[in-house]
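Just below is one structure, and these are the notes that go with it.
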Amino acid sequence: EFSTQESCNVLYALALLRFRDEPFLAAACAALAGRAGAMNEQELANGAYACALLTFRDDTFLSALCGQAQTRIEDFKAQGVSNLAYALGVLGFRHDAALGAVAGRAGGALPKFSAQGISNIVYAFGLLEYRRLPFLEAVAAEMKVRGLDKFDPQHLSNMLYAFARLALAPEGLVPALCDHMPSRLERFKPQELSNSVYALAHLRVDRGDFLAAFCGHVRARLPAFSEQNLSNTAYSLALLGFRHEPFLHALADHAAGRLGEFKTQGIANV
Numbered sequence: 001e002f003s004t005q006e007s008c009n010v011l012y013a014l015a016l017l018r019f020r021d022e023p024f025l026a027a028a029c030a031a032l033a034g035r036a037g038a039m040n041e042q043e044l045a046n047g048a049y050a051c052a053l054l055t056f057r058d059d060t061f062l063s064a065l066c067g068q069a070q071t072r073i074e075d076f077k078a079q080g081v082s083n084l085a086y087a088l089g090v091l092g093f094r095h096d097a098a099l100g101a102v103a104g105r106a107g108g109a110l111p112k113f114s115a116q117g118i119s120n121i122v123y124a125f126g127l128l129e130y131r132r133l134p135f136l137e138a139v140a141a142e143m144k145v146r147g148l149d150k151f152d153p154q155h156l157s158n159m160l161y162a163f164a165r166l167a168l169a170p171e172g173l174v175p176a177l178c179d180h181m182p183s184r185l186e187r188f189k190p191q192e193l194s195n196s197v198y199a200l201a202h203l204r205v206d207r208g209d210f211l212a213a214f215c216g217h218v219r220a221r222l223p224a225f226s227e228q229n230l231s232n233t234a235y236s237l238a239l240l241g242f243r244h245e246p247f248l249h250a251l252a253d254h255a256a257g258r259l260g261e262f263k264t265q266g267i268a269n270v
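Here the sequence shown is numbered in our numbering, starting from 1 and rising by one per residue.
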């Protein structure tokens with residue numbers, strides 16, 4: 001019989017290889033679920049994270065992991081906390097007791113968390129629509145201390161997207177992001193650019209200076225945007241009532257040559 005460490009190592013290795021065998025995963029999760037109390041903190045986090053990498057959701061297994069995590073979260077390392085939260089978010093598994101434990105553990109020790117770790121937790125809370133304003137305010141304070149330049153474009157974009165999902169953002173953070181991001185737009189991927197303006201639209205944050213910089217930059221990168229990115233960007237600017245003629249002309253000309261890629265909703269949005 002495999003030990004819990006050996007079982008978790010196999011599960012994690014398969015995840016890194018992106019080898020998804022559902023019968024094996026179901027059997028492995030079933031076996032580990034009954035032994036969750038014997039798993040150490042790293043095994044609990046790695047087990048959840050492996051399932052997330054393989055997009056394999058087993059509610060019994062995740063419930064067992066969360067039941068252990070909620071009472072043992074203080075023994076988790078920072079990366080384990082963020083990996084657990086990220087996994088729950090990606091898998092769409094909301095366990096309020098475990099998420100509350102994550103918020104309490106991370107919120108009181110944010111300087112020990114990497115920028116990626118902080119971003120992953122906020123992103124997970126957004127995906128799960130788990131609203132915890134004191135934690136988000138602690139995140140905003142930590143970001144101010146570190147400086148926004150310490151966070152990668154993906155981190156910033158994911159957190160903005162999370163705030164939009166939560167319909168909630170720490171006071172002052174979104175305007176600070178709007179001031180900071182224009183000088184770094186060339187480092188944002190198309191998905192990150194689209195998600196950022198989508199988030200501002202759903203938060204009803206109308207920052208003309210940022211939107212002008214955004215449109216001026218994105219105009220030259222339209223060929224790299226997927227049809228979903230184009231559709232979401234056009235819809236977001238419309239929600240904000242922001243009209244940038246050069247960008248709109250470029251978008252219309254570009255989209256006209258790619259209409260075959262668009263779904264009906266995407267055409268309507270553009």
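Glycine residues also receive a C-beta, built at the ideal position from the N, C-alpha and C atoms.
Quick check on residue i: buried or exposed, where buried means 16 or more other Cβ atoms within 10 Å of its Cβ?
{"i": "proline 170", "result": "buried"}
{"i": "alanine 220", "result": "exposed"}
{"i": "valine 81", "result": "buried"}
{"i": "valine 218", "result": "buried"}
{"i": "arginine 187", "result": "exposed"}
{"i": "phenylalanine 2", "result": "exposed"}
{"i": "arginine 132", "result": "buried"}
If you follow the alpha helix (DSSP H) that residue i is in, where does it begin and where does it stop?
{"i": "leucine 91", "result": "78-91"}
{"i": "isoleucine 73", "result": "Note, isoleucine 73: premise wrong, no alpha helix (DSSP H); not H, not E."}
{"i": "aspartate 179", "result": "173-180"}
{"i": "valine 270", "result": "It is not in any alpha helix (DSSP H) - valine 270 carries neither H nor E in the DSSP assignment."}
{"i": "threonine 4", "result": "4-17"}
Quick check: what's the CA-CA separation for residue i versus residue j?
{"i": "asparagine 272", "j": "tyrosine 235", "result": "In the structure displayed, the chain extends from 1 to 270; residue 272 sits before or after that span and is not available."}
{"i": "histidine 180", "j": "alanine 45", "result": "33 Å"}
{"i": "phenylalanine 262", "j": "proline 23", "result": "36 Å"}
{"i": "leucine 128", "j": "glycine 257", "result": "37 Å"}
{"i": "leucine 248", "j": "glutamate 74", "result": "51 Å"}
{"i": "serine 7", "j": "leucine 91", "result": "20 Å"}
{"i": "glycine 216", "j": "glutamate 142", "result": "31 Å"}
{"i": "proline 190", "j": "proline 223", "result": "10 Å"}
{"i": "glutamine 79", "j": "alanine 255", "result": "42 Å"}
{"i": "lysine 77", "j": "leucine 11", "result": "20 Å"}
{"i": "lysine 112", "j": "glutamate 41", "result": "17 Å"}
{"i": "leucine 16", "j": "leucine 54", "result": "9 Å"}
{"i": "glutamine 5", "j": "glutamate 43", "result": "7 Å"}
Does the distance from the C-beta atom of residue i to that of residue j stay below 8 Å?
{"i": "alanine 103", "j": "alanine 64", "result": "no"}
{"i": "leucine 168", "j": "leucine 200", "result": "no"}
{"i": "leucine 193", "j": "leucine 211", "result": "no"}
{"i": "glutamine 70", "j": "alanine 97", "result": "yes"}
{"i": "tyrosine 198", "j": "alanine 162", "result": "no"}
{"i": "leucine 106", "j": "aspartate 152", "result": "Correcting the residue identity first, residue 106 is alanine in this sequence and not leucine. Cβ atoms of alanine 106 and aspartate 152: not closer than 8 Å."}
{"i": "arginine 99", "j": "alanine 48", "result": "Reading off the sequence shown, one finds leucine at residue 99, where the question assumed arginine. For leucine 99 and alanine 48, no; Cβs fall outside 8 Å."}
{"i": "alanine 213", "j": "proline 182", "result": "yes"}
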